[in-house]
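Since the structure comes first, as structure tokens, the remarks are kept for the end.
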Ligand code: GDP
Ligand code: PGA
Ligand code: MN
Ligand code: MN
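Take a look at the structure:
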């Protein structure tokens, strides 16, 4: 059903509306759209409703154009091959703009390049935007996507509106977020996160389009204005850069909102009094009268509101003890491509627990009135790493994406199936395969079939072990937080930190081998504090303070642990089988949370399991001592290096408590 009329904007004149009723949208939204239509000059405007019919229509077009290939083996599944120059997030091209530089980045040591966020001044940003956006959608349709992060209307949920000229992005947003006309009703005249995305390829195209995938890799810029709650992403169609609800909104912008909402009432009142408030209809209200009303409202909401929350790169999962029936939820933060999705969907290798997934990548965490930490998954789908996924390692993921899913940069079998590294035992050895680069290939041939950062995009509701409460608006109660990374040497399978403060210092020192999720080549060990390095929305020192402050309130803070599934022996073989066997580690974690004594041994870095207390049934030979050893000099070097990192990268912004924790840890190690 089409309503063909126009919107008229000052510079471009009339632009036809291909779908939707523009004039019924909230005023603020109309203003926002009109502004960007005027800048980007699309050929038409298309207001999305998130319906199945809408996705079907777009898919049909994309198949016709060769952008998508139907994977006939499954139901409503499609393969997309991108331009090989656009396959991952690009940290070097991700920017945050605030008036004050140190709101965004810490005081980095002179001569050192900061890696915890990149700041750009508002005028410079303005210039970069002016170099990119005017006319950038010429000849393309601008899609308007109303979406909710979190259940629509939920107390922790937030609304965003994304403008994009990519129909692939629209399809994926329909899976990854809640796109619905209900968003307009819930929004009313309220504020929303403004998301603008363009592949940066206006028509007629001057750049050669590869694989029917328009993009502009040389000019990629992923920019954020946290104060304005605005995201502008240019040049890339790759998920992490283009599905703006995910990393840009749910992590970078949301972490700023989470911090801001924790500010004291005085803070908010002061900032309100400092400026005239514009009314919703655009008129300026009497300053004193307006401020009085506003202040009363603000105070009221501050009183009912808890003080601040967290937007984190974390999975959320529930573990129900089959004997007692008691269920506990945990969150875990690992850097990209380090095992979140697999852990969240874990299929236990030993009996004892029913494991169910709430979220696999992002958690919004907030203390409730009783002081319990609760988490929601703001997303509605999984954007998971394909390679390594198979019916042995992650059967739940495999079952999730048998229908209604999109696969990006995986390979295709001659019988219309997907294929990637890790599926060798699940596909006929003689099967003809077409790689992600469109080359004929067979199992055993040199090279890789799928890109190492190839991804599946699938609705969370299709996951066989999705938790019945996964959309509970107020979230699930969290008993433990786990940090981790890929650490081939030195770091034990699991340890429990001594306190919240110690746990935060351990989180601040998280390191991991680089993966294909971003632009880094090779396997160097990189710092990725709290697994948030690529996603920091504000000064990392202030972020650490925010974490530490959460304990001072009447909050019941969960225990903090660290895990490492990736330690190897001299031959380079993993010391731990991982995947379904990770339940054994979680079992120990939960028993510690329940206060079970006699199952832990104190070491300088934290508590590790006592062997006899750990479930080792049917594990075969395990090099326990190697798996749990804490080499003194390795750790002393490591802590020196971490201190150096914090001095260089966070400088005077590091809270003193973190230095104290690291000093204590160093002292304990020296005494070893
Ligand atoms: P995410 O990006 O953090 O969600 O990580 P994924 O769960 O998608 O896993 C990334 C890669 O690590 C995949 O190739 C997995 O097969 C692999 N992986 C995940 N969990 C484990 C584990 O416990 N052990 C080992 N050895 N590999 C794992
Ligand atoms: P991941 O999500 O953490 O599952 O890899 C995507 C990303 O972080 O880029
Ligand atoms: Mn992620
Ligand atoms: Mn994942």
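Residue numbers (full-length UniProt numbering): 20 to 691.
Every residue gets a Cβ at the ideal spot worked out from N, C-alpha and C, and that includes glycine.
*Roughly how many whole angstroms lie between the Cα atoms of residue 234 and residue 374?*
40 Å
*Which residue comes first and which comes last in the alpha helix (DSSP H) that contains residue 654?*
651-668
_Beta-carbon proximity check, residue 429 vs residue 473, cutoff 7 Å_ = yes
_Ignoring anything shorter than 3 residues, give me the beta strand (DSSP E) runs that lie fully in the region 503-567, in order along the chain._
513-515, 530-532 and 544-546
_Spatial neighbours of residue 283 in its chain, beta-carbon cut-off 6 Å, leaving aside the 5 residues before and after_ = Confidence is the limiting factor: at residue 283 the pLDDT is only 45, short of 50, which leaves the residue's position unreliable and the question unanswerable from this model.
*Spatial neighbours of residue 669 within its chain, please: CB distance less than 6 Å, with the 5 preceding and 5 following residues excluded, ordered by chain position.*
125, 559 and 560
*Drop a sphere of 10 angstroms on the beta-carbon of residue 684, count the other beta-carbons inside from all chains shown, and report buried for 16 or more, exposed for fewer.*
buried
*Neighbour-count burial assignment, residue 321, 16 or more Cβ in a 10 Å radius*: Interpretation of residue 321 is limited by its pLDDT of 40, a score under 50 that renders its predicted location unreliable; the figure taken from the coordinates is listed afterwards. With 16 or more other Cβ atoms within 10 Å, it is buried.
_Pairwise C-alpha distance: residue 69 and residue 190_ = 9 Å
_Extent of the continuous beta strand (DSSP E) run through residue 182_ = 177-183
_Burial state of residue 580, where buried means 16 or more other Cβ atoms lie within 10 Å_ = buried
*For residue 466, does the count of other Cβ atoms within 10 angstroms reach 16, so buried, or fall short, so exposed?*
exposed
_I'd like to know whether the C-beta atoms of residue 513 and residue 587 end up nearer to each other than 7 Å._
no
*Taking 6 Å as the cut-off, does the CB of residue 355 come closer than this to any heavy atom belonging to ligand 2?*
yes
*Span of the beta strand (DSSP E) around residue 66*: 63-66
*asked:* Out of 103, 166 and 368, which one is the CA nearest neighbour of residue 229?
replied: 103
*asked:* I need the straight-line Cα distance from residue 415 to residue 367, nearest angstrom please.
replied: 11 Å
*Straight-line gap, residue 526 to residue 691 (C-alpha atoms, nearest Å)*: 23 Å
*Is the distance from the Cβ of residue 492 to the Cβ of residue 441 below 7 Å?*
no
*Would the beta-carbon of residue 208 be found less than 6 Å away from any heavy atom of ligand 4?*
no
_Bridge-paired residues (DSSP) for residue 33_ = 27
*Given a cut-off of 7 Å, decide if residue 545 and residue 332 are closer than it, judged by their beta-carbon atoms.*
no
*asked:* Taking the straight line between their C-alpha atoms, what separation do you get for residue 31 and residue 46?
replied: 20 Å
_Please state the DSSP three-state secondary structure of residue 599._
helix
*asked:* On the DSSP letters alone, give me the boundaries of the alpha helix (DSSP H) that residue 262 sits inside.
replied: Counting along the chain, residue 262 falls outside any alpha helix (DSSP H), and DSSP gives it neither H nor E.
*What do you reckon, is the C-beta of residue 657 under 6 Å from a heavy atom of ligand 3?*
no
*Between which two residues does the alpha helix (DSSP H) carrying residue 79 extend?*
71-84
*Determine the DSSP secondary structure at residue 152, reduced to helix, strand or coil.*
coil
*Check whether the region 210-228 touches the region 253-266, counting contact only when three or more Cβ pairs, one atom from each stretch, lie closer than 8 Å.*
yes
*What is the DSSP secondary structure of residue 222, counted as helix, strand or coil?*
coil
*Same chain, Cβ closer than 7 Å to residue 48, five either side skipped, listed in chain order*: 180
*Using the Cα positions of residue 566 and residue 549, report the straight-line distance between them to the nearest angstrom.*
11 Å
*Among 460, 689, 455 and 139, which one has its Cα closest to the Cα of residue 449?*
460
*Scan the region 105-131 and note each continuous beta strand (DSSP E) run of 3 residues or more that stays entirely inside, going in chain order.*
113-116
*Separation of residue 183 from residue 157, as counted between CA atoms*: 12 Å
*For residue 274, name the three-state secondary structure that DSSP assigns.*
helix
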